[in-house]
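Protein chains in written order, with the numbering used here: chain A, 1 to 303; chain B, 1001 to 1303; chain C, 2001 to 2303.
Each residue gets a CB set at the ideal place from its N, CA and C atoms; glycine is no exception.
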Amino acid sequence: MANVLRNSAKFGFSGVLSQLSIHSRHGRECVSPCFSLQQRNSSTSPKIKVDLDNSTGVAVLRMQSPPVNSLSLDFLTEFCINLEKLEMDKSCRGLIITSTLSKVFSAGLDIMEMYGKSPERCGEFWKAVQEMWLKLYGSNMATIAAINGSSPAGGCLMSIGCDYRIMADNPRYSIGLNETQLGIVAPFWFKDTLVNTVGNRAAELALELGLLYSAPDALKIGLVDQLVPEDQVLSTAQDTMSKWLAVPDHARQITKSMMRKQTIDKLLSNREADITNFVSFITKDSIQRSLRMYLEMLKSRKA
Amino acid sequence: MANVLRNSAKFGFSGVLSQLSIHSRHGRECVSPCFSLQQRNSSTSPKIKVDLDNSTGVAVLRMQSPPVNSLSLDFLTEFCINLEKLEMDKSCRGLIITSTLSKVFSAGLDIMEMYGKSPERCGEFWKAVQEMWLKLYGSNMATIAAINGSSPAGGCLMSIGCDYRIMADNPRYSIGLNETQLGIVAPFWFKDTLVNTVGNRAAELALELGLLYSAPDALKIGLVDQLVPEDQVLSTAQDTMSKWLAVPDHARQITKSMMRKQTIDKLLSNREADITNFVSFITKDSIQRSLRMYLEMLKSRKA
Amino acid sequence: MANVLRNSAKFGFSGVLSQLSIHSRHGRECVSPCFSLQQRNSSTSPKIKVDLDNSTGVAVLRMQSPPVNSLSLDFLTEFCINLEKLEMDKSCRGLIITSTLSKVFSAGLDIMEMYGKSPERCGEFWKAVQEMWLKLYGSNMATIAAINGSSPAGGCLMSIGCDYRIMADNPRYSIGLNETQLGIVAPFWFKDTLVNTVGNRAAELALELGLLYSAPDALKIGLVDQLVPEDQVLSTAQDTMSKWLAVPDHARQITKSMMRKQTIDKLLSNREADITNFVSFITKDSIQRSLRMYLEMLKSRKA
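Right, dumping it as structure tokens:
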């Protein structure tokens, strides 16, 4: 049971308790031996740290919100503000996203944002998730995900929102849109982004089965572009970025927009309906009951 | 010549006599050394046998219509009735489709349904073909094709209508939408399903050349998902199905619908036009003449 | 510097001078050690030679416009006239496109057509580029590119406009839509054709980075279908063509149209806007200045 909990704790976005045991069949290693209900502190210490190197024009955005970089509303808001600042800073041309945490890039959406919250608050949260993706997938900067740990669900969405993905060559790290395993459905724009990345058939299999791919398997289906030893993830991202920045910005930006505009426009023109769908799903009594049971188990395990 | 006939006899859906010799260049082994005009019996013995295991929720649908499981109107009607029954049976969550015949999964559409028939009858037939695909591609059940023999044309369509394809690892078995080789054109929804499965470029090559792929080649382009020794096709399908059924049904079904709805809707909104197109093509004098010559050759060979 | 010039001279369609050095980082060998500003002769000697073998129904179109088969307005006009003649010739069923030049298939659009020309003339030129692609991508003939040398930019567009691509197995030859490297953006129909050929993700990487692929790398991503020793490119194309022509023309043509119509229609319904876009871009002062500097460098190098 503890193993199930530890495994399930990987997912910020988890739904139906009875289905959590499903995931453990995959036998992936827990990303941390001491996962627990997030020890939330109310400190105002930033969840994200950004360093912009003015000589290269490359910013490194480090996610540093223990234990698993869960995408809470606060986290997403901070993420989007930082992204917007960099986007408007003419001296910044490239963005590398990575994690300061051991073994995890981001565990995805924060379950606490979905339990016992008002519909308004849930809607606000979902809008922030949309905003994160819209800003990232449509960024004028060259964007590289330096995936130095596991990256399920929302963490995977963040990764495939970038232009390029470099992952630590560690078979214990996994990545994927595994929502289905948890009784949840990845929304259409998660799906569209995955199809754009790995093609229709691989996306169909990945989404219907809610598959998490080990780093080597992720490379095989094209979910990540490159594997490197764990201690070289960031330096390789820096090297790769210099190749991206060797391409004239304007031409690259127009080309990127040409490739991604249709997918982005689809969410933009369905944004409110997408929020309504999410809120009506997540506030269902049955889903809330499952979330409560799940959280109580996490608490009792802590105690 | 006999070889040509035997080869061409693989295709229920065959058109222009003069082009039949084309196919033989592929040099695929005949799926049966004794192919002939189907010995039709008017018995009411079922062409399909369904076994539902209530303990697992998995039904096995066995096609048992010798010699080659041709998709006749009767066959398709029986197939669709069985599919509908299972679809409405809450205790059935997964469907495995396989064949009881040696060396053949299904040879595709039955040529006899297209020769000397009234336009009304041809239209009825085509509607049944559409129905088979609509029911299968849009099924709420998890569906696995256990392809234990050759599967050209309509047999391939049935296979790619499933969620997953396991084929016997026998290079003498082939699969593909080979209509073009026979002077016929696979309709748009055959094409869409193939593109969804193997991607645009592989589908373009496959359809323009009417390629039949040996089992190993089919695996290479992703036309099937897995090869196993012939005697393990069904058991592997059972094992694989248990993985599919470990995913919560509701989430899997919504996800499947999200992946396939657009393709299904395209036929639904063009269904009548698609029937009209087929009927006007197949009832052409030139096509009917070719069918007659083809059938006479099959008969003379039998005699 | 000379090396940069030689490298950049590969591209008929080159834009911003300051970016030319970017390309040289790829370290591809120059396609010719003696590249220079094209020695234009005003002779009326044809830039294209066509041989139609009436016994096979196969025409071989040889591009023979030294030094690099640049796609000038004259060249494109001649190309389109020849294509149209063959298209209307019932005895011609297949077309093989190749080059008589050493080491180069086609270097793409001719920079001289874009420098110092009136908007009207630029528009006329762009219309001819569109026409070349429309005729080729929508041809009723089976079309094979016998790529016996490098094929950047417009040369790559011509290649992926065919039904099948056979390239010389020489890692010094490269192919790709490298416009972005030169500060230019491949228009949407270049992009659509590439996506149709190699899929969305490979096209995204190729276009955003303006990648030129060595022959082996081009095979890996599916940009070409087959590599053969240099002296067997044409004979392999002939052999391959006989397989294509074994398929009934009518069925192949309808199937090809079904696969490509949507992509073709998209340009047809946006043709004027596409011309306007190109003309307004290429006649910009900044772009014209870059072209002049580039040409002056080529001239000074010659002197």
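Check the DSSP bridge columns for residue i and list the partner residues they point to.
i, result
"R1062 of chain B", "B:K1049, B:T1098"
"M167 of chain A", "A:I147, A:L227"
"L2071 of chain C", "C:L2109"
"G1176 of chain B", "B:P1152"
"A251 of chain A", "Beta-bridge pairing links A251 of chain A to no other residue."
"Y213 of chain A", "A:I175"
"V1104 of chain B", "B:S1150"
"A1142 of chain B", "B:G1094"
Rounded C-beta distance between residue i and residue j? I'm assuming under 8 angstroms.
i, j, result
"T2180 of chain C", "L2207 of chain C", "6 angstroms"
"L1076 of chain B", "E1124 of chain B", "Contact doesn't hold; Cβ gap of about 10 angstroms is too wide."
"M2258 of chain C", "K1261 of chain B", "At roughly 21 angstroms, the Cβ-Cβ gap does not stay under 8 angstroms, so M2258 of chain C and K1261 of chain B are not in contact."
"S2142 of chain C", "R2252 of chain C", "Sequence check: residue 2142 of chain C is Ala here, not Ser. Confirmed, Cβ separation roughly 7 angstroms."
"S2312 of chain C", "S2151 of chain C", "Residue 2312 of chain C falls outside the range modelled here, since chain C spans only 2001 to 2303, and no answer is possible."
"D274 of chain A", "L268 of chain A", "Between L268 of chain A and D274 of chain A the Cβ distance is about 10 angstroms, and since that is not below 8 angstroms, they are no contact."
"A1146 of chain B", "I1166 of chain B", "6 angstroms"
"T1100 of chain B", "M1063 of chain B", "7 angstroms"
"D2249 of chain C", "R2093 of chain C", "6 angstroms"
"F2234 of chain C", "T2098 of chain C", "Strictly speaking, residue 2234 of chain C in this sequence is Leu, with Phe absent from that position. Between T2098 of chain C and L2234 of chain C the Cβ distance is about 6 angstroms, and since that is below 8 angstroms, they are a contact."
"L1109 of chain B", "L1071 of chain B", "5 angstroms"
For residue i and chain B, any beta-carbon pair shorter than 8 angstroms?
i, result
"V129 of chain A", "no"
"T2056 of chain C", "no"
"T2197 of chain C", "yes"
"Q181 of chain A", "yes"
"N178 of chain A", "no"
Quick one: does residue i have its CB under 8 angstroms from some CB of chain A?
i, result
"N2148 of chain C", "no"
"D1274 of chain B", "no"
"R1252 of chain B", "yes"
"T1236 of chain B", "no"
"R2201 of chain C", "yes"
"L1227 of chain B", "no"
"K2103 of chain C", "no"
"R1025 of chain B", "No answer about R1025 of chain B holds up, because its pLDDT of 29 lies below 50 and its placement is not dependable."
"Y2294 of chain C", "no"
Would you say residue i reaches chain C, if we count a Cβ-Cβ gap shorter than 8 angstroms as a contact?
i, result
"I1184 of chain B", "yes"
"P248 of chain A", "yes"
Starting from residue i, find everything on chain C with Cβ-Cβ shorter than 8 angstroms and list it in chain order.
i, result
"K1220 of chain B", "Those do not exist, as K1220 of chain B stays about 12 angstroms from chain C at its closest Cβ, beyond 8 angstroms."
"F1188 of chain B", "M2258"
By the criterion of Cβ-Cβ separation under 9 angstroms, what are the contact partners of residue i in chain A?
i, result
"W1244 of chain B", "E208, L209"
Name the chain C residues whose beta carbon is nearer than 9 angstroms to that of residue i?
i, result
"K256 of chain A", "E2204, L2207, E2208"
Counting only Cβ pairs nearer than 7 angstroms, list the residues of chain B close to residue i.
i, result
"D2192 of chain C", "Result: empty, since nearest Cβ-Cβ is about 10 angstroms, beyond 7 angstroms."
"D2163 of chain C", "E1208"
Could you tell me which whole alpha helix (DSSP H) segments of length 4 or greater appear in the stretch 2233–2282 of chain C? 2233–2245, 2249–2268, 2271–2282
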